[in-house]
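Taking it in order: structure first as structure tokens, then the write-up.
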Amino acid sequence: MLLALEEAKKAAELHDDIPVGAVLVKDGKVLAAARNERELLGSPVAHAEVQALVSGAKANGHWNLSGCTLFVTLEPCPMCAGALVMARVEEVVYAATDPKGGAISLNLNVLANPALNHRVKYRQGPLAKEAGALLQEFFRRKRREKNTSGTK
22 MLLALEEAKK AAELHDDIPV GAVLVKDGKV LAAARNEREL LGSPVAHAEV
72 QALVSGAKAN GHWNLSGCTL FVTLEPCPMC AGALVMARVE EVVYAATDPK
122 GGAISLNLNV LANPALNHRV KYRQGPLAKE AGALLQEFFR RKRREKNTSG
172 TK
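Have a look at this one:
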């Protein structure tokens with residue numbers, strides 16, 4: 022999760038993206054480390070989880086990521102939860118919860134839906150406080166910038 026947190030910091034510092042980082046691991050080996058790149062790529066789907074899945078599939082040599090665990094600094098949104106299911110990821114470990122956008126917090130049973138052909142185990146892991154603080158500071162700064170730019 023520490024590596025995912027470093028990726029999250031890079032998202033904000035390098036291209037002013039929401040600081041979320043993700044790391045895909047298989048058999049104790051890092052397949053991919055990624056971060057949010059929506060602002061950088063101008064893409065609504067360039068979430069850290071999706072970026073890690075795409076890079077991880079290339080490193081794995083196949084789209085099927087069975088046996089992989091994704092560590093992510095923020096609870097996955099419904100889109101990312103769906104991507105995790107479709108990629109056959111075994112488990113997702115997230116740091117901070119997302120009460121307004123997280124698939125788990127919103128009770129959108131995407132990851133463990135028995136109607137789907139694959140289910141992803143999930144749990145909250147370490148560094149929730151650190152990941153949450155990083156997100157809070159990012160949005161505090163954004164609000165300050167908006168208020169000092171003369172726009173409301």
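So the sequence shown is numbered by my numbering: it starts at 22 and just counts up by one. Think of the CB as a built atom: it goes at the ideal place given N, C-alpha and C, for glycine as much as any other residue.
Worksheet item: Going along the chain, which unbroken runs of the alpha helix (DSSP H) with 4 or more residues stay wholly within the region 59-120?
Response: 59-62, 69-81 and 99-107
Practice prompt. List the endpoints of the continuous alpha helix (DSSP H) containing arginine 164.
Written response: 149-169
Fill in: Cβ-based neighbour list, glycine 63, same chain, cut-off 6 Å, excluding 5 preceding and 5 following
none
Worksheet item: With DSSP run on the structure shown, which of helix, strand or coil describes alanine 124?
Response: coil
Discussion item. So the candidates are Leu105, Pro97 and Ala149; which of them puts its Cα closest to the Cα of leucine 127?
Written reply: Pro97
Worksheet item: So does the region 73-84 actually touch the region 114-133, counting three or more Cβ pairs closer than 8 Å?
Response: no
Worksheet item: How would you label asparagine 57, buried or exposed, when you count the other beta carbons within 10 angstroms and need 16 or more for buried?
Response: buried
Worksheet item: Is it the case that the Cβ atoms of glutamate 70 and histidine 36 are separated by a distance below 8 Å?
Response: no
Worksheet item: Hey, would you say alanine 53 sits closer than 8 Å to glycine 77, going by beta carbons?
Response: yes
Item to complete: Use the C-beta contact count for lysine 38: other C-beta atoms within 10 angstroms, 16 or more gives buried, fewer gives exposed.
Response: What sits at residue 38 in the sequence shown is aspartate, not lysine. Buried, since its Cβ has 16 or more Cβ neighbours within 10 Å.
Worksheet entry | Delimiting residues of the beta strand (DSSP E) encompassing leucine 52 | 50-56
Item to complete: With DSSP as the reference, label leucine 132 as helix, strand or coil.
Response: coil
Worksheet item: Around the Cβ of glycine 42, are there at least 16 other Cβ atoms within 10 angstroms (buried) or fewer (exposed)?
Response: buried
Discussion item. Please classify threonine 90 as buried or exposed, where buried requires at least 16 neighbouring CB atoms within 10 angstroms.
Written reply: buried
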